[in-house]
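Below is one structure, written out as structure tokens; the observations come after it.
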């Protein structure tokens with residue numbers, strides 16, 4: 001495989017992920033994906049120039065001291081959705097997610113409560129999945145999509161009882177929202193089978209890679225020449 005082929009493949013992968021993420025937000029906005037526990041409202045088509053999405057993320061997503069693939073993914077969605085006609089409003093909620101304290105829970109509840117009915121909201125799964133008591137009631141009036149980077153119960157080092165509880169909370173949340181986004185086709189299949197989700201509500205948006213700039217072409221040193229043997 002040549003360098004050109006690698007570059008073209010990586011670019012295509014990133015473009016596909018961007019288009020898929022935008023498509024999922026589109027579907028949530030247009031009520032394309034059914035809700036299990038409540039019918040969506042306000043199904044009118046939103047003009048391209050007026051479409052707005054709110055993205056709820058953990059508070060450290062922009063902190064360079066807390067690098068992670070999930071944070072990079074979230075930031076890239078914020079950068080790329082405007083290219084698909086979406087204005088993105090970021091909401092950072094501080095807390096020890098996925099096991100937040102009272103202040104973090106109150107902040108998330110306030111953030112969602114203050115959004116108007118019918119608002120399109122994308123939530124990072126680290127924030128949304130462990131608190132169905134906050135998210136599920138809002139799914140009755142908001143168009144919610146949850147981005148699952150990693151199922152909560154799959155985190156390494158968890159006590160089995162804690163993992164089981166996080167898994168139960170995640171299932172309750174994901175069954176209530178309009179759409180779910182996973183990071184691969186395999187992850188989609190696992191979420192569908194493990195949590196009993198409708199397949200047409202779960203979508204894959206695989207992460208891609210930014211292409212590094214090409215190094216400058218080498219130049220010959222002055223006075224250097226090759227001599228025949």
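Residue numbers (UniProt numbering): 1 to 229.
Cβ atoms here follow ideal geometry from the backbone N, Cα and C, with glycine treated the same way.
Check: For residue 237, which of helix, strand or coil comes out of DSSP?; Outcome: Given that the chain is displayed from residue 1 to residue 229, the structure contains no residue 237 and the question cannot be resolved.
Check: For residue 140, would you say it is in contact with chain C, using Cβ-to-Cβ distances shorter than 7 Å as the test?; Outcome: No chain C appears in the structure shown, which is made up of a single protein chain.
Check: Alpha carbon to alpha carbon, how far is residue 215 from residue 167? Give it in angstroms, no decimals.; Outcome: 46 Å
Check: Do residue 59 and residue 88 have their beta-carbon atoms positioned less than 7 Å apart in this structure?; Outcome: no
Check: Could you check whether residue 98 and residue 144 sit closer than 7 Å to each other, using their CB atoms as the reference points?; Outcome: no
Check: Using 8 Å as the threshold, is the segment 181 to 188 in touch with the segment 152 to 165, meaning 3 or more CB pairs across them?; Outcome: no
Check: In or out: residue 74 buried (at least 16 other Cβ within 10 Å) or exposed?; Outcome: buried
Check: Nearest to residue 78 by CA position, among 96, 106, 129 and 122, is which residue?; Outcome: 122
Check: Tell me where the alpha helix (DSSP H) around residue 119 begins and ends.; Outcome: From DSSP, residue 119 is part of no alpha helix (DSSP H); its letter is neither H nor E.
Check: Go ahead and pull the three-state DSSP assignment for residue 52.; Outcome: strand
Check: Among the residues of its own chain, which have a CB less than 6 Å from the CB of residue 71, if the five just before and after it don't count?; Outcome: 61
Check: Does DSSP classify residue 135 as helix, strand or coil?; Outcome: helix
Check: Does the Cβ of residue 66 have 16 or more other Cβ atoms within 10 Å, making it buried, or fewer, making it exposed?; Outcome: exposed
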